[in-house]
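Participant:
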Amino acid sequence: MHKKLLAAALVLLFPVISPAQTPNWSTDVAPIIYNHCSGCHHSGNIAPFSLMTYQETVTHGFTIKDQVTNHIMPPWPPDPNYSRLAHERRLTDAEIAKISDWVSGGMPIGDTTLAPPQPVFSVDGDLPGTADLTVQIPAYTSTADTGDVYQCFVIPSGLLSDKFITAFEAVPANRAIVHHVLVYADTTGACAALDAASPGPGYTNFGGVGSNDAILLGGWVPGSAPIQYPNNFGVRIPQNADIVLQIHYPAGTVGQMDSTKVRFFFAANTVRDVYIVPALNYLDNSVLSPFPLHIPADDTATFTETYTIPPVDFSLLGVAPHMHLIGHSIKSFNVAAQDTQKIINIPEWDFHWQGFYLLPRIMRLAAGSKMYASAFYDNTINNPENPSMPPQDVFGGEATTDEMMLVYFVFALYQPGDENIIIDSTVALNTATYYHGQQMFSPHPNPASGQLVVKYYFEKDDAADISLLDISGRTVKKLAQNMRVSNGYHATTYTVADVPPGMYLLQLKTSQQILTKKLLIQH
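Under the numbering used here, the first residue of the sequence shown carries the number 476, and numbering increases by one thereafter.
#1: Just to confirm, is the Cβ distance from residue 639 to residue 711 under 8 Å?
#2: Report back the beta-carbon spacing between residue 778 and residue 763 to the nearest angstrom; my notes put them in contact at under 8 Å.
#3: Grouping DSSP H, G and I as helix and E and B as strand, with all else coil, what is residue 634?
#4: Thinking C-alpha only, which one of 715, 671, 737, 732 is nearest residue 694?
#5: Here's the rule: buried if 16 or more other CB atoms are within 10 angstroms of the residue's CB, otherwise exposed. What is residue 595?
#6: Apart from the five residues just before and just after residue 894, which ones in its own chain have a Cβ nearer than 8 Å to its Cβ?
#7: According to the Cβ coordinates, are residue 915 and residue 992 closer than 8 Å?
#8: Excluding sequence positions up to five away, which residues of its chain have a Cβ less than 8 Å from the Cβ of residue 713?
#9: For residue 578, name the three-state secondary structure that DSSP assigns.
#10: Since I believe residue 577 is in contact with residue 503 (beta carbons under 8 Å), could you give me their beta-carbon distance rounded to a whole number of angstroms?
#11: Output needed for residue 905: all residues of its chain with C-beta closer than 6 Å, excluding positions within five of it in sequence on either side, in chain order.
#12: Quick one: Cα of residue 784 to Cα of residue 842, how far?
#13: Indicate whether residue 748 and residue 887 have their beta-carbon atoms separated by less than 8 Å.
#14: Taking the alpha helix (DSSP H) that residue 539 belongs to, which residues open and close that run?
#15: Identify which residue in 696, 985, 744 has its Cα closest to the Cα of residue 723.
#16: What's the C-alpha gap between residue 519 and residue 620?
#17: Quick one: complete alpha helix (DSSP H) runs, 4+ long, within the segment 752–839?
#18: Compare the Cα-Cα distances from residue 641 to each of 931, 937, 750, 529 and report the closest residue.
#19: Please state whether DSSP places residue 601 in a helix, a strand or coil.
#20: Which runs of the beta strand (DSSP E), 3 residues or longer, sit entirely within the segment 870–899?
#21: What runs of the beta strand (DSSP E), each 3 residues or longer, lie entirely inside the segment 609–676?
#22: Apply the 10 Å Cβ neighbour rule to residue 650 and answer buried if 16 or more other Cβ atoms are within range, or exposed otherwise.
#23: Distance check for residue 536 and residue 583, CA to CA, integer angstroms please.
#24: Less than 8 Å between the beta carbons of residue 885 and residue 794, yes or no?
#25: Taking the DSSP output, what are the residues bridged to residue 996?
#26: Consult DSSP for residue 854 and reduce its assignment to one of helix, strand or coil.
#27: Reducing DSSP to helix, strand and coil, say where residue 589 ends up.
#28: When you compare each of 554, 572, 526, 744 to residue 543 by their alpha carbons, which one comes out closest?
#29: Counting only the same chain and skipping the five closest in sequence on each side, list residues whose C-beta sits under 6 Å from that of residue 940.
#30: Here's the rule I'm using: 16 or more other beta-carbon atoms within 10 Å means buried, otherwise exposed. How should residue 765 be labelled?
#31: Tell me which residue opens and which closes the beta strand (DSSP E) that residue 724 is part of.
#32: Taking the DSSP output, what are the residues bridged to residue 739?
#33: Let me know if residue 861 comes out buried or exposed under the rule of 16 or more other beta-carbons within 10 Å of its beta-carbon.
#34: For a test of the three-state rule: what should DSSP assign to residue 989, helix, strand or coil?
#35: Return helix, strand or coil for residue 746, following the three-state DSSP convention.
#36: Name the two residues that bound the continuous beta strand (DSSP E) containing residue 965.
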């Protein structure tokens, strides 16, 4: 008796801990891969291999674990510990742990009936509706053999009046060879003259588009979200402006064809002007210190840029730093009185993954406050991106062997309440994903008889009711009521053996919307 009591006491004091269950492909890893990786890693896209199936992912499992645990993939150069940005291409710590544990645990497949459907990616763009203006480059054959090519294309807009861009997206025709697209507007004719002077479609220019007067409209890299401004904001594009695209074709793509297009959406009426200006500009000796931009061979250098906000408040919507291959790191912030507003920090600059970043919420910049940028350059043999070996003196300019230090700011004139405007309300939930908002996928099986798997994804935590309705809309069976659902992918099994045969609507109702799928029940 005493031994039994002692054993019971030990169990209470030291409960048996069951080993944590190894994540599986179907319910744990597939949603992460589909949501964050497959957008680039599918056939015909820029990534070197596909991640659309279990077997494809297993083949590269150890590489995936290494890349995600070291925060190399998905590519997201800004430091999230410095500031948060809209549409971040990042995995959460929990998602990284799931992938790591899955690989370490032997990469089990799990119950494939619970897996989400494979994503289907649009080749015509992600923004819904018909674009107000679509421009497309002529059929171009890449000449990028042993080195990268930055080709610029000039397309007349044909606009008869000024328009305000509220959203746009670049849509490469050959995603396997397009590494980035920068979009400009030019009203001077300078870019058209460069194009006319160069044989074949477009002209080559590394640092930009060859004209300091061209207006940057935004950019695209694989996996990035379309540019969308808040309601009543837009970037003005002047009438008769030329649209200029600088497209990066990486080495090894020689002989392959592309005809990238850009889809623009305009405001119906006049809206608030959004300006995109390189206020921190290495060409201005009142901004750059020390001046001029010069990095001696076999040396490193740090530069600072300062710009004082005029006597009017600004509303900051976004930021776009720009350097070349000697650049190693860059950060930007604003100082007002005793307050420092952190904007962006890129601790390991990668020219090939330069981005155009919107903020999650508009930031108010006070009149008279100071904008700063600090950048570090490495012109030594320790920099694998150095275009000159042995290193040569580097000066400011547009050539591959030159350097730049620009920080473009996306801003509007401040109006009271702007700082409350949300650009990306789900920044903490990684919105540059395949799944968005609340989605319900096709149930399994369909037709169903005994058991039914309901599959759905929530971007935010919410409550949900799941019901079966007949074709007249009457509730036949409530499968779940006021069920708390955490963000992420879910596959929940319910019994429908007691439901009469027939055609039904499977309804998922949340605080945000009502989603339905047709379901046939047969016994």
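Glycine included, C-beta positions come from ideal geometry on N, C-alpha and C. It should be emphasised that the depicted structure is a prediction, and the values quoted were computed from it without experimental measurement.
Facilitator: So, from the data block:
#1: Yes, the Cβ-Cβ distance between residue 639 and residue 711 is below 8 Å.
#2: 6 Å between Cβ atoms; contact.
#3: Three-state DSSP puts residue 634 in coil, outside helix and strand.
#4: Closest option to residue 694, Cα to Cα, is 737.
#5: With a 10 Å radius around the Cβ and a threshold of 16 neighbouring Cβ atoms, residue 595 comes out exposed.
#6: Spatial neighbours of residue 894 in its own chain (CB-CB distance under 8 Å, excluding positions within 5 residues in sequence) are listed in chain order as 790, 836, 837, 838, 839.
#7: In this structure, residue 915 lies near residue 992, with their beta-carbon atoms less than 8 Å apart.
#8: Correct list, in chain order: 634, 637, 660, 662.
#9: If DSSP states are grouped into helix, strand and coil, residue 578 belongs with the helices.
#10: That belief holds up - the Cβ atoms of residue 503 and residue 577 are roughly 6 Å apart, short of 8 Å.
#11: Residue confidence is low: residue 905 scores 37 on pLDDT, short of 50, so the model does not pin down where it sits. Its coordinate-derived value is still stated next. If you ignore the 5 residues before and after residue 905, its C-beta comes within less than 6 Å of the C-beta of 563, 565, all in its own chain and listed in chain order.
#12: Rounded to the nearest angstrom, the two C-alpha atoms are 5 Å apart.
#13: Taking 8 Å as the Cβ cut-off, residue 748 and residue 887 qualify as a contacting pair.
#14: Start and end: 536–544.
#15: Comparing alpha carbon positions, the residue from 696, 985, 744 closest to residue 723 is 696.
#16: Each residue's CA atom was taken as its position, placing residue 519 and residue 620 some 19 Å apart.
#17: Positions of the alpha helix (DSSP H) runs, each at least 4 residues long and wholly inside the segment 752–839, cannot be given because no such run exists.
#18: The candidate whose alpha carbon is nearest that of residue 641 is 750.
#19: Here residue 601 sits in coil by DSSP.
#20: Whole beta strand (DSSP E) segments, 3+ residues: 881–888.
#21: Those beta strand (DSSP E) runs which fall completely within the segment 609–676 and span 3+ residues are 624–631, 638–646, 655–661.
#22: Around the C-beta of residue 650, 16 or more other C-beta atoms lie within 10 Å, and the residue is accordingly described as buried.
#23: When rounded, the distance between both Cα atoms is 11 Å.
#24: Result yes, Cβ atoms of residue 885 and residue 794 sit closer than 8 Å.
#25: Per DSSP, 923, 977.
#26: Residue 854: strand per DSSP, three-state reduction.
#27: Shown here, residue 589 sits in a helix according to DSSP, grouped into three states.
#28: Of the candidates 554, 572, 526, 744, the one whose C-alpha sits nearest the C-alpha of residue 543 is 572.
#29: Counting only Cβ-Cβ distances below 6 Å, and skipping sequence neighbours, we find 956, 984.
#30: Exposed: under 16 other Cβ atoms inside 10 Å.
#31: Its beta strand (DSSP E) spans residues 717–724.
#32: Answer by DSSP bridge pairing, in chain order: 608, 643.
#33: By the 10 Å Cβ count, residue 861 comes out buried.
#34: Look at residue 989 here: in three-state DSSP terms it is strand.
#35: It is coil, neither helix nor strand.
#36: Start and end: 963–970.
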